[in-house]
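Numbering (the working numbering), first residue to last: -11 to 565.
Structure, as structure tokens:
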């Protein structure tokens, strides 16, 4: 890791969400710009475009002042008209081209370079008919699209390519992306086919290794063999490989991804300030101590070229706070501030907190903010997560099992399936229940510190009630079942919904799963492993044949999985491809 990194990237999705109208209590997909909601009468609304541009200037003012020099914007598909499109679609694309020209100028005026995102590959029925979903025509069409993009927008610095995940089930509009890359060899052909175009036009090709485990390419984010099959020998100053910091999504209890030390490619580490699995900024969830640890380990990575900080992107939720804009989250802004100070200015987390306090909370005692954020870090790790379970490295097929199973974005899931899993993997059950309830006392101290710092204390009431539900859910998962406990959880959930109608969703189902212990033991032994390396059972069975069993899983999913699982992200079926 060099003394000065070259790229400090922030996502630019927040200004788009600030311009749309939403229903109270509506769940939003924060994974990409909601293009369909920016449009009226099949055109980009001039009024909405104006609001986006104004908020974008405000947002980039703040981001640039922190030291970010690049910003990502969705997406390539909405910026290029292709020959097979009808006139109406091209007219709409021209609306987006005018808006994005304005955004690119605004970013440039603030010393920031725009990187445009794309999935590989986006489709509509015109593209499907043109390519017949075959590799050759698809690569050629993407090359044509990028060539036109680079010619039309000389101010664009490059493209960020996502290849291991596609649009969520709920995405609407003129384009929907799909997974088209299935093998490492196929991925390598795509990269080698497109890279010369980036070299010719002197743009960055940022390839994200993030994947949901689908197909043979699905372990690209952690498997050095797959990584080498894709990137081995493909070296260019125009190619950057972008990794999340761990071998799964943005969770705690993760070691730094070993792929940072593979190959000789320029690399970017992806970090998240707005914690999509830890409250979306509705309460403090400080990341600075973890990120300082990652930075220290990355000192040995000679090829690290930058960081990419997610301040708004990610997840599904009803929460509405927009980073660096009115109704922002102080906690998301602290995470973003501390993150860039750690990586750009080489400050420790404690030094960065103190500097934030002096700048943003003048006259207040930095030691109190340090104490508050330290408590938040410990509280999340002790109660939001379950340490004995979360420390375990478990793998299913090509995926690292998340260290947090009972929180899905803005939903707390309390059911018998999770109870069965955790009771199989957690031994210190009584101690874990007691430690969970004891951790709640930290919120009272945090609330008092917030008052001393002039910070709104009401959010700590919300945090306390939410975390108390999680502590009670832990009692259900690990403790002795009783009808009284079930009634208590139902009563708490009802009171919580009444008090916080736009708070977390509580999905509870105490109906028992009728599977005997010996069957569960056999399933665990077959399906889960504690090392990333594949076993014989994985190679012969799990990686090859589990797709045949998905129809059975689907029947079980309808009966046992919460409804939101079938309506958000890519659906559970992606885990079996």
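Idealized CB from N, CA, C, for every residue including glycine.
All figures in this text were calculated on a predicted structure; none of them were measured in a lab.
Any idea what DSSP makes of residue i, helix, strand or coil?
i: residue 434; result: helix
i: residue 253; result: coil
i: residue 202; result: coil
i: residue 299; result: coil
i: residue 232; result: strand
i: residue 372; result: helix
i: residue 220; result: coil
i: residue 118; result: helix
i: residue 313; result: coil
i: residue 383; result: strand
i: residue 424; result: helix
i: residue 273; result: coil
i: residue 482; result: helix
i: residue 451; result: helix
i: residue -3; result: strand
i: residue 150; result: strand
i: residue 17; result: strand
i: residue 336; result: coil
i: residue 197; result: strand
i: residue 501; result: coil
Could you tell me whether the Cβ atoms of residue i and residue j are closer together than 7 Å?
i: residue 427; j: residue 360; result: no
i: residue 484; j: residue 453; result: yes
i: residue 352; j: residue 441; result: yes
i: residue 90; j: residue 312; result: no
i: residue 103; j: residue 328; result: no
i: residue 68; j: residue 137; result: yes
i: residue 512; j: residue 412; result: yes
i: residue 94; j: residue 56; result: no
i: residue -1; j: residue 298; result: yes
i: residue 226; j: residue 187; result: yes
i: residue 20; j: residue 83; result: no
i: residue 459; j: residue 491; result: no
i: residue 207; j: residue 381; result: no
i: residue 191; j: residue 143; result: no
i: residue -11; j: residue 335; result: no
Using the rule of at least 16 other Cβ atoms within 10 Å of the residue's Cβ for burial, across every protein chain shown, is residue i buried or exposed?
i: residue 223; result: exposed
i: residue -8; result: exposed
i: residue 306; result: buried
i: residue 314; result: exposed
i: residue 503; result: exposed
i: residue 210; result: buried
i: residue 184; result: exposed
i: residue 391; result: buried
i: residue 10; result: exposed
i: residue 422; result: exposed
i: residue 509; result: exposed
i: residue 304; result: buried
i: residue 398; result: buried
Residue i: which of the options sits nearest, CA to CA?
i: residue 403; options: 439, -1, 345, 466; result: 466
i: residue 478; options: 498, 489, 487; result: 498
i: residue 289; options: 396, 269, 309, 244; result: 244
i: residue 408; options: 464, 204, -6; result: 464
i: residue 194; options: 59, 301, 504; result: 59
i: residue 106; options: 72, 79, 164; result: 164
i: residue 330; options: 492, 285, 303; result: 285
i: residue 260; options: 169, 334, 273; result: 273
i: residue 240; options: 389, 218, 278; result: 278
i: residue 203; options: 176, 152, 156, 282; result: 152
i: residue 251; options: 219, 489, -2, 507; result: 219
i: residue 141; options: 108, 487, 92; result: 92
i: residue 489; options: 335, -11, 13, 80; result: 13
i: residue 182; options: 214, 125, 519; result: 125
i: residue 27; options: 66, 199, 129; result: 66
i: residue 355; options: 461, 343, 366; result: 343
i: residue 236; options: 367, 520, 531; result: 520
i: residue 378; options: 384, 386, 369, 317; result: 369
i: residue 160; options: 416, 16, 522, 263; result: 16
i: residue 246; options: 197, 205, 336, 395; result: 197
i: residue 221; options: 190, 258, 205, 179; result: 179
i: residue 171; options: 433, 205, 133; result: 205
i: residue 18; options: 532, 268, 295; result: 268
i: residue 99; options: 130, 85, 48; result: 48
i: residue 363; options: 431, 31, 30, 5; result: 431
i: residue 333; options: 310, 367, 308, 295; result: 295
Does any residue of chain B bring its CB to less than 7 Å from the CB of residue i?
i: residue -8; result: Absent here is chain B; the protein component of the structure consists of one chain.
So within the stretch 158 to 193, which uninterrupted alpha helix (DSSP H) runs reach at least 4 residues, ignoring any that extend past its ends?
Within the stretch 158 to 193, the complete alpha helix (DSSP H) runs of at least 4 residues are 172 to 188.
Whole runs of the alpha helix (DSSP H) within the stretch 53 to 107, excluding any shorter than 4 residues:
You should have 75 to 97.
Of all the alpha helix (DSSP H) runs that stay within the bounds of the stretch 391 to 423, which reach a length of 4 or more residues?
Fully enclosed alpha helix (DSSP H) runs of 4 or longer: 404 to 413.
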